[in-house]
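Residue numbers (my numbering): 96 to 205.
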């Protein structure tokens with residue numbers, strides 16, 4: 096089995112844009128701007144490998160995020176796998192500037 100490889104830039108951009116439709120149900124901001132996606136690669140069988148975390152390891156909404164991921168990537172990639180990563184743990188410092196603006200708009204003080 097070979098090491099996963101980086102996505103070609105155009106495919107990376109398509110995947111990122113599609114994944115911006117995945118909204119964290121607790122916070123109300125997409126998982127890209129929350130900084131929950133740690134990396135995207137392509138496996139040797141062509142599947143998209145998503146290195147991702149959640150706001151907490153015990154998040155009860157993992158299934159919801161997985162279902163939203165499947166829906167958002169339908170027609171963008173043929174197959175994907177999520178590699179749940181807990182280290183380093185997610186923290187607010189990983190939120191993008193756009194994500195911070197979105198959070199402020201819905202009432203968070205960040």
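We put the CB at the ideal spot given by N, CA and C, even for glycine.
- Straight-line spacing of the CA atoms in residue 187 and residue 155 works out to 19 Å.
- Taking a 10 Å sphere around the C-beta of residue 185, we find 16 or more other C-beta atoms and assign the residue as buried.
- Residue 158 is classed as exposed because its beta carbon has fewer than 16 other beta carbons within 10 Å across all chains shown.
- Within the same chain, 128 come within 6 Å of residue 191 by CB-CB distance, once the 5 residues on both sides are set aside.
- DSSP places residue 114 within a helical segment (H, G or I) once states are collapsed to three.
- Shortest Cα-Cα distance from residue 100 to any of 108, 140, 115, 194 involves 140.
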